[in-house]
Amino acid sequence: MPLRAALRKMGPRAKIAKPLLRGVVFDLDGTLTVQNLDFKVMHERCGVPAGQDLLQAVAGMNGADRHRAEEIIEEMEAEGRRTLQLATGVIELGKFLQWWSLPTAIVTRNTQETVQSLHDQLWCPHSLPKFWPAVGREFVPPKPHPAALDIAFGKAAGVSTVLVDPEGQHRQGQSTMGADFVVDSLAELPRILWQQFRIEGPCVVKKLPPIPANAACHAAAQGDVSALTAMDFKDLAASDETGNTPLIWAADSGNLGAVELLLSAGVDDTAKGFLGNSALSRACRRGDESILRLLLARSTKVIDLPNDKLQTPLHFAAFYQHLRVVQLLLDVGASTTAVDCKGRTPAEACDAETAVGSGREIQGMILQARRAGQILPTQRRA
2 MPLRAALRKM GPRAKIAKPL LRGVVFDLDG TLTVQNLDFK VMHERCGVPA
52 GQDLLQAVAG MNGADRHRAE EIIEEMEAEG RRTLQLATGV IELGKFLQWW
102 SLPTAIVTRN TQETVQSLHD QLWCPHSLPK FWPAVGREFV PPKPHPAALD
152 IAFGKAAGVS TVLVDPEGQH RQGQSTMGAD FVVDSLAELP RILWQQFRIE
202 GPCVVKKLPP IPANAACHAA AQGDVSALTA MDFKDLAASD ETGNTPLIWA
252 ADSGNLGAVE LLLSAGVDDT AKGFLGNSAL SRACRRGDES ILRLLLARST
302 KVIDLPNDKL QTPLHFAAFY QHLRVVQLLL DVGASTTAVD CKGRTPAEAC
352 DAETAVGSGR EIQGMILQAR RAGQILPTQR RA
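Remember, this note's numbering sits 1 above the position in the sequence shown when you count from 1.
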């Protein structure tokens, strides 16, 4: 078949099949964690020239020299474990991969003890599953040996590779080693994975909009403060069959008086309802600044609470282009790096097609807050 006829048969909307994403393998130092080991000092103290591979050089030493060098490495790595810190965007990436039930693994030149410290101190406290397998240098010859995964080995095996280059040094003259993607941080990776790969996971069934299913929820949705006043606290706090509480219905319907009454009664403002949305999420979706202020005055605990699709309140405010609501959320420290199930940060919720007018301004506001060194959710104090 002639090429022109073949293209016409395919049609203008024909898509190239994306490769299936089966899992993600990570390095540790400088990828999942901030680089906190001074390898120049480590080389000097071990008596190994900077151009040589440290672990190979130490393995080739004899007797007392090898023992001394191994003690130096262990001392510096122990200090590294005490100051271990996750890199930007790592928890958000972890939540994204967990949502899609994608396996994760680690291959590192570091030790199993350091991997265990990562799990215990920084990873599992966020309800994330351990990396498995987690292969340290005890199990295989350390990188750059081909048995230990790196970019060159990944390319040879036909695996897509990503180089994390926070300082831009590899893009400013040094080789990217043939990596398929080069990113400033892992915060960029969820969107790349969503756009470049086919991801199979939870089937999200579109549901019809709910309607209030008990008396308190109906009164809250209608803004009937008198009816709510006459009800017991048990009724004011209970969710209906849709999962929504009266507070969520009041926020979703824009009924300020009902929200005020329910908050003064002491109902739970952190409750999740239909599709996992909180009252704060519904207020942000509506762009209701007055209700948002009331909820934020009560607590900021749910400022980054995601729904069932990992969408945060800031995602909603940005997507629906509520500029003043976006600013309020940024003012109280809402995360600009949280990603939804499609790998989008709040700034990307206003995509290139819709980001016009206030949408473009909102994108700029969120990106400016991110560049300003906003405190990430994983670093924020309770």
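Built from N, CA and C at the ideal position, the CB exists for glycine as well.
All values derive from a computational prediction rather than experimental measurement.
F27, enclosing beta strand (DSSP E) - first and last residue: Residue mapping note: residue 27 aligns to position 26 of the sequence shown, counting from 1. Element bounds for F27: 25–27.
If I measure Cβ to Cβ from A106 and keep anything under 6 Å in the same chain, skipping five residues before and after, which residues do I get? One-based indexing of the sequence shown puts residue 106 at position 105. Here the set comprises V26, F132, P134.
According to DSSP, which residues form a beta bridge with V163? What you label residue 163 is simply residue 162 of the sequence shown in a count that begins at 1. Bridge partners of V163: F182.
Per-residue burial, D269 [other beta carbons within 10 Å of its own, 16 or more giving buried]: Translated into the one-based positions of the sequence shown, residue 269 becomes position 268. Looking at its Cβ environment, which holds fewer than 16 other Cβ atoms inside 10 Å, D269 is exposed.
Could you check whether F97 and P191 sit closer than 8 Å to each other, using their CB atoms as the reference points? As a first step, residue 191 is located in the sequence shown; it is residue number 190 there, counting from the start. As a first step, residue 97 is located in the sequence shown; it is residue number 96 there, counting from the start. Using a Cβ distance threshold of 8 Å, P191 and F97 count as a contacting pair.
Out of I92, P167, M178, G137, which one is the CA nearest neighbour of G155? Position 154 of the sequence shown, counted from the first residue, corresponds to residue 155. Ranked by Cα distance from G155, the first of I92, P167, M178, G137 is M178.
How many angstroms separate the CA atom of T313 from the CA atom of T162? Reading the sequence shown from its first residue, position 312 is the one you call residue 313. Reading the sequence shown from its first residue, position 161 is the one you call residue 162. The straight-line gap from Cα to Cα measures roughly 29 Å.
Assuming T230 is part of the beta strand (DSSP E), what are its boundary residues? Residue mapping note: residue 230 aligns to position 229 of the sequence shown, counting from 1. No beta strand (DSSP E) holds T230; the alpha helix (DSSP H) holding it covers 226–230.
Straight-line CA distance for V49 to G95? In the sequence shown, the residue the question calls residue 49 occupies position 48. In the sequence shown, the residue the question calls residue 95 occupies position 94. Taking the straight line joining both Cα atoms gives about 36 Å.
State the DSSP-derived secondary structure class of V303, mapped to helix, strand or coil. Taking the first residue of the sequence shown as 1, we reach residue 303 at position 302. V303 falls in the coil class under three-state DSSP.
Give me the Cα-Cα distance between W195 and D166, rounded to the nearest whole angstrom. In the sequence shown, counting from the first residue as 1, residue 195 sits at position 194. In the sequence shown, counting from the first residue as 1, residue 166 sits at position 165. If you take the alpha carbons of W195 and D166, they lie about 20 Å apart.
Secondary structure of T105, DSSP reduced to three states: If you number the sequence shown from 1, residue 105 lands on position 104. Strand at T105.
Would I92 be called buried (16 or more neighbouring beta carbons within 10 Å of its own) or exposed? In the sequence shown, counting from the first residue as 1, residue 92 sits at position 91. With a 10 Å radius around the Cβ and a threshold of 16 neighbouring Cβ atoms, I92 comes out buried.
To the nearest whole angstrom, what separates the beta carbons of C351 and F320, a pair I think is in contact under 8 Å? Walking along the sequence shown from the start, residue 351 turns up at place 350. Walking along the sequence shown from the start, residue 320 turns up at place 319. Contact between C351 and F320 holds: their C-beta atoms lie close to 7 Å from each other, under 8 Å.
Evaluate N63 with the Cβ neighbour count: other Cβ atoms within 10 Å of its Cβ, from every protein chain shown; 16 or more gives buried, anything less gives exposed. Numbered from 1 along the sequence shown, position 62 holds the residue referred to as residue 63. Result: exposed.
In its own chain, which residues sit with a C-beta less than 6 Å from the C-beta of I367, not counting the 5 before and 5 after it? For the purposes of this step, residue 367 is taken as the residue at position 366 of the sequence shown. These residues qualify, in order along the chain: T337, P347, A348.
Look at P130 and Q99 and say whether their C-beta atoms are less than 8 Å apart. Taking the first residue of the sequence shown as position 1, residue 130 is located at position 129. Taking the first residue of the sequence shown as position 1, residue 99 is located at position 98. Yes, they are a contact pair.
Compare the beta carbon distance of D289 and G255 with 8 Å and say whether it is the shorter of the two. Walking along the sequence shown from the start, residue 289 turns up at place 288. Walking along the sequence shown from the start, residue 255 turns up at place 254. In this structure, D289 sits near G255, with a CB-CB distance shorter than 8 Å.
Which stretch, first to last residue, makes up the alpha helix (DSSP H) that contains M77? Residue mapping note: residue 77 aligns to position 76 of the sequence shown, counting from 1. Run containing M77: 64–83, per the alpha helix (DSSP H) assignment.
Kindly give me the distance between the Cβ atoms of E261 and L295, rounded to whole angstroms, as I take these residues to be in contact under 8 Å. Counting from one through the sequence shown, the residue named residue 261 turns up at place 260. Counting from one through the sequence shown, the residue named residue 295 turns up at place 294. Rounded, the Cβ-Cβ distance is 6 Å, consistent with contact.
Inter-residue Cα distance where the pair is G61 and M77: The count along the sequence shown starts at 1 and reaches residue 61 at position 60. The count along the sequence shown starts at 1 and reaches residue 77 at position 76. If I take the Cα positions, the gap works out to 20 Å.
In the DSSP output, which residue or residues are listed as bridge partners for R199? Along the sequence shown, read from residue 1 onward, the residue named residue 199 stands at position 198. The bridge partners DSSP lists for R199 are L21.
Do T84 and L29 have their C-beta atoms within less than 8 Å of each other? As a working note, residue 84 is residue 83 in the sequence shown. As a working note, residue 29 is residue 28 in the sequence shown. Against a cut-off of 8 Å, the Cβ pair of L29 and T84 comes out as no contact.
Cβ-Cβ distance between A272 and T230 below 8 Å: Counting from 1 along the sequence shown, the entry for residue 272 is found at position 271. Counting from 1 along the sequence shown, the entry for residue 230 is found at position 229. For A272 and T230, no; Cβs fall outside 8 Å.
Apart from the five residues on each side of it in sequence, which residues of its chain come closer than 8 Å, Cβ to Cβ, to L55? Within the sequence shown, the letter at position 54 stands for residue 55. Contacts found: F40, M43, H44, C47, V49, I74.
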